[in-house]
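Chains as they are written, first to last, in the UniProt record's numbering: chain L, 1 to 223; chain Y, 1 to 275; chain F, 1 to 218. Reading through the structure tokens given below for one structure.
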Amino acid sequence: MNIWDWEFAWRIMPLLLDAVVITVYATVLGFAFAAVFGLVLALMRRSHRPWISLPTVAFVEFVRSTPLLVQIYFLYFVLPEFGVLMPAIVAGILGLGLHFSTYCSEVYRAGLDGVPRGQWEAAVSLNMSRYRTYRDIVIPQAIPPVVPALGNYLVGMIKETPLLSSIAVVEVMQQAKIIGSETFRYIEPITLVGAFFLVVSLVAMMGIRRTEAWLRQKVLGSH
Amino acid sequence: MLKTIENSAAVTQAADQNQSTPPMVRFDKVTKRFGDLVVLNALDLDVAPNERVAIIGPSGSGKSTLLRLLMTLETPNEGVIYVEGEPLNMMPRNGKLVPADERHIRRVRQRIGMVFQHFHLFPHMSALGNVIEAPIHVLGLSRQEAVTRGEELLEMVGLVDKRDQRPSQLSGGQQQRVAIARSLAMRPDIMLFDEVTSALDPELVGEVLSTIRRIGEEHNITMLIVTHEMGFAKEFADRVCFFDEGKICEQGPAKELLTNPQNPRTQRFLQAVLG
Amino acid sequence: MDLLRFLPLMLEGAWVTAQITALALLLALVMGFTAALMRLSRYRLLRGVATVYVEVFRGTSALVQLFWMFYVLPHFGVNIDPFMVGWVALGLNIGAYGAEVIRGAIQAVPKGQYEATIAVNMTRWQAMYRVIIPQAIPNMIPPWGNLSIELLKATSLVSLITIADLTFRARQLNDRTFETVEIFTLVLLMYLAMALVITAGMRLLEHYTSRGLGRGGI
């Protein structure tokens, strides 16, 4: 038996590519959720009302300190106990989204803290409400500088999607395992999956570096 | 110290000849502390409608804090600030004054505008965008009305041709003039100028000061001006207050106080500043 | 209370989790330092090898790496027991991230310090371990603290290659009983407790090392 069978690798490619669609789908939806909910968490954490900010801090720290895999199990096995039934893929996307929303919230927090105090004071001098100040003044300035950091977590999330295989979502890792168990050849499918993630991360990292350079140039160019 | 307080009361009464109209701004025994540091010490100050008060004094004397308290950027530890007879930092409830809530503050604050030392323009908006933002979203003007008003004001400060430029493309003096237009667009009754020329290169100071002069000619606005420009204070202000160690040390008509100060501390300060 | 019935098995699982975390962390430190120093080397070959290691292990998913070693290595006739696959795979993965942390901290040491070592005619190696690395360590500790938490969380993946860690026990108990809510809540809290222990340990370490540096600096 030869070590690497090109012909076999070629044959399983369409199967794997079909599963890549699920991986990408879960990442896109999961990250959309994380990006939006992360901002909500960051804003709640900055609330002047301790009954909003303190539970938010506790939630963020708790979710960040415990494994995503167990959180996915929690959503998948525990929520049905309370009558919330959902397909595995939904539990998986929700798990990814919740977990990464806590990371995103820290990124947004840094962005929000980076907006100078004077911007707030100018908004007060124009008698703008807190909501309006966040919406028109602070958030538009807080987000562009943190886009690269969010990008890093997007790459981080796609690499965590194989965890969905643990609740039988047929994303690319699960597909590779299925192929392996049916053909008794694991090397090609798992290596191809690894290569897929490697290519995606390297390309994404290049994109992030470009964005960073562009942002830096935009800032420098403005002076 | 006692003499100073009497002195200020006398000036207050003089400025407040018509007893039936309340002063536009009144500080009533206002104290502000940062930790152990007393920045304003039981300060009393009345400003009449349309009066122009220049506030001078060494750094750390509490003059910027005075403006920041009036703009509600800081909250007093003690005392009450009134805007035309209406409490600003407090509000009446069941016949007593209690700390004001956000709603009350926003209602009273509506009449006050402020121009900052470092401009604080919104960097992600054009010059016109800066000027129309609050009229649209705070005053509820239509976009069309706000743009008309904004263009008029940019015209007045001489920057209508820069309407689409971002703040970063403007000089410091131009940025400050946009900031003045932005503040005026809210049609305030009271305008606060906090060392508005201190961050500018010397050759840009003049354009900003002449803009303020022009507002003085064209609008009826009460002005509180913290400044180091003694020449400007002398010819523009009605009254000058000299601040030292959280108190008004001496005050009086601008020309009089700046040419013939009575208090030795004022004399020393003016000597040091004017050289 | 039923929870008491679960506890012995869970504690057994937690002990396995703790062992894997500790072993993987040691391997990650070794790999991290080695790869970081190689990436700062003058020799292109060393730099190239280290870069490939870092990029491959950061670029492919931790679970893919774990499965690769679990399913593919036996194919080459390499039979290691799953426990070892677990900590080796995670150690290599975290080590790749750690290498970048260490490299960053070393590069953050002011240039004047390198120049001073040349002025007193130290070798590059002496400069590194007598002057540069001691100063870089305090900067490394907070990010290594974060990596340790990431590692602790990643150890849950070993449950998918038959190792009876805390997560594995949770699934096992969940399949046997119907106390789903209690089991998973308890497991999450146990992970949280372990994370808090790591955080506290890192704080102590940070305090200790930066104090040492301050004393040396005087």
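Note that the Cβ used here is the ideal one computed from N, Cα and C, for glycine as well.
Cutoff 9 Å: residue i Cβ touching any chain L Cβ
{"i": "residue 202 of chain F", "result": "no"}
{"i": "residue 110 of chain Y", "result": "yes"}
{"i": "residue 324 of chain Y", "result": "With chain Y represented from 1 up to 275, any question about residue 324 of chain Y goes unanswered, as that position is not in the structure."}
{"i": "residue 179 of chain Y", "result": "yes"}
{"i": "residue 116 of chain Y", "result": "yes"}
{"i": "residue 140 of chain Y", "result": "no"}
{"i": "residue 239 of chain F", "result": "This structure cannot speak to residue 239 of chain F, because chain F is shown only from 1 to 218."}
{"i": "residue 79 of chain Y", "result": "no"}
{"i": "residue 188 of chain F", "result": "yes"}
{"i": "residue 195 of chain F", "result": "yes"}
{"i": "residue 217 of chain F", "result": "At residue 217 of chain F, the pLDDT of 38 sits below 50, so the modelled position is not reliable; the number obtained from the coordinates is stated separately. No, residue 217 of chain F does not count as interfacial toward chain L."}
{"i": "residue 146 of chain Y", "result": "no"}
{"i": "residue 6 of chain F", "result": "no"}
{"i": "residue 134 of chain Y", "result": "yes"}
{"i": "residue 84 of chain Y", "result": "no"}
CA-to-CA distance, residue j to residue i, given in whole angstroms
{"i": "residue 196 of chain F", "j": "residue 101 of chain L", "result": "21 Å"}
{"i": "residue 17 of chain F", "j": "residue 200 of chain F", "result": "18 Å"}
{"i": "residue 26 of chain Y", "j": "residue 135 of chain F", "result": "57 Å"}
{"i": "residue 152 of chain F", "j": "residue 87 of chain F", "result": "11 Å"}
{"i": "residue 73 of chain L", "j": "residue 5 of chain L", "result": "36 Å"}
{"i": "residue 95 of chain L", "j": "residue 113 of chain Y", "result": "48 Å"}
{"i": "residue 156 of chain Y", "j": "residue 194 of chain Y", "result": "21 Å"}
{"i": "residue 140 of chain F", "j": "residue 112 of chain L", "result": "26 Å"}
{"i": "residue 22 of chain F", "j": "residue 170 of chain L", "result": "32 Å"}
{"i": "residue 121 of chain L", "j": "residue 105 of chain Y", "result": "15 Å"}
{"i": "residue 239 of chain Y", "j": "residue 54 of chain Y", "result": "6 Å"}
Where residue i sits in the DSSP three-state scheme
{"i": "residue 223 of chain Y", "result": "strand"}
{"i": "residue 38 of chain L", "result": "helix"}
{"i": "residue 284 of chain Y", "result": "This structure gives no information on residue 284 of chain Y, because the portion of chain Y shown stretches from 1 to 275."}
{"i": "residue 162 of chain L", "result": "helix"}
{"i": "residue 3 of chain L", "result": "coil"}
{"i": "residue 188 of chain Y", "result": "coil"}
{"i": "residue 12 of chain F", "result": "helix"}
{"i": "residue 239 of chain Y", "result": "strand"}
{"i": "residue 63 of chain L", "result": "helix"}
{"i": "residue 218 of chain F", "result": "Confidence in residue 218 of chain F is poor, its pLDDT being 32 and thus under 50, which makes the residue's placement too unreliable to answer from."}
{"i": "residue 53 of chain Y", "result": "strand"}
{"i": "residue 34 of chain Y", "result": "strand"}
{"i": "residue 190 of chain L", "result": "helix"}
Proximity test, Cβ basis, 9 Å: residue i and chain Y
{"i": "residue 78 of chain L", "result": "no"}
{"i": "residue 124 of chain L", "result": "yes"}
{"i": "residue 116 of chain L", "result": "yes"}
Chain Y residues whose Cβ lies nearer than 8 Å to that of residue i
{"i": "residue 119 of chain L", "result": "120, 122"}
Beta-carbon neighbours of residue i, restricted to chain L and to distances below 8 Å
{"i": "residue 137 of chain Y", "result": "128, 132, 136"}
{"i": "residue 171 of chain F", "result": "73"}
{"i": "residue 106 of chain Y", "result": "127, 129"}
is_contact[residue i, chain F] using C-beta, thresh 9 Å
{"i": "residue 208 of chain L", "result": "no"}
{"i": "residue 201 of chain L", "result": "yes"}
{"i": "residue 165 of chain L", "result": "yes"}
{"i": "residue 190 of chain L", "result": "yes"}
{"i": "residue 215 of chain L", "result": "no"}
{"i": "residue 194 of chain L", "result": "yes"}
{"i": "residue 13 of chain L", "result": "no"}
{"i": "residue 222 of chain L", "result": "Summary for residue 222 of chain L: the model assigns pLDDT 47, below 50, so the residue's position carries little reliability, and this model does not support an answer."}
{"i": "residue 22 of chain L", "result": "no"}
{"i": "residue 87 of chain L", "result": "no"}
{"i": "residue 211 of chain L", "result": "no"}
Neighbour list for residue i in chain F, Cβ cutoff strictly below 8 Å
{"i": "residue 16 of chain L", "result": "Going along chain F, no residue has its Cβ under 8 Å from residue 16 of chain L, so there is no contact; the nearest lies around 12 Å."}
Chain Y contact residues for residue i, given Cβ-Cβ distances below 9 Å
{"i": "residue 140 of chain L", "result": "122, 124, 125"}
Chain F residues whose Cβ lies nearer than 7 Å to that of residue i
{"i": "residue 180 of chain L", "result": "71"}
Interface residues of chain L facing residue i [CB-CB closer than 9 Å]
{"i": "residue 210 of chain Y", "result": "The premise fails here: residue 210 of chain Y is roughly 22 Å from chain L at the closest Cβ pair, so nothing lies under 9 Å."}
Residue i: contacting residues in chain L (beta-carbon distance under 7 Å)
{"i": "residue 181 of chain F", "result": "78, 81"}
{"i": "residue 157 of chain F", "result": "69"}
Heavy atom of the ligand ATP within 8 Å of residue i beta-carbon
{"i": "residue 91 of chain F", "result": "This structure does not include the ligand ATP; it has no bound ligands of any sort."}
Taking a cut of 8 Å between CB atoms, which residues from the region 53–85 of chain F lie near chain L? 55, 56, 58, 59, 60, 61, 62, 63, 64, 65, 67, 68, 71, 72, 75, 76
Beta carbons nearer than 8 Å to chain L: which residues of the region 84–105 of chain F have them? none
Quick one: which residues of the region 149–177 of chain Y get their C-beta closer than 8 Å to a C-beta of chain L? List them in chain order. Result list: 166, 168, 169.
Cβ-based contacts, 7 Å cut-off: residues of the region 117–151 of chain F near chain L: Residues of the region 117–151 of chain F whose Cβ lies closer than 7 Å to any Cβ of chain L, in chain order: 149.
Quick one: which residues of the region 54–73 of chain Y get their C-beta closer than 9 Å to a C-beta of chain L? List them in chain order. 68, 71, 72, 73
Under 9 Å, CB to CB, which of the residues in the region 9–21 of chain F have a partner in chain L? Among the residues of the region 9–21 of chain F, none has a Cβ less than 9 Å away from any Cβ of chain L.
Looking at chain L, which residues of the region 183–199 of chain Y have a Cβ within less than 7 Å of any of its Cβ atoms? Hits within the stretch, in order: 183, 186.
Give, in chain order, every residue of the region 47–67 of chain L whose Cβ lies closer than 8 Å to some Cβ of chain F. Residues passing the 8 Å Cβ filter: 62, 64, 65, 66, 67.
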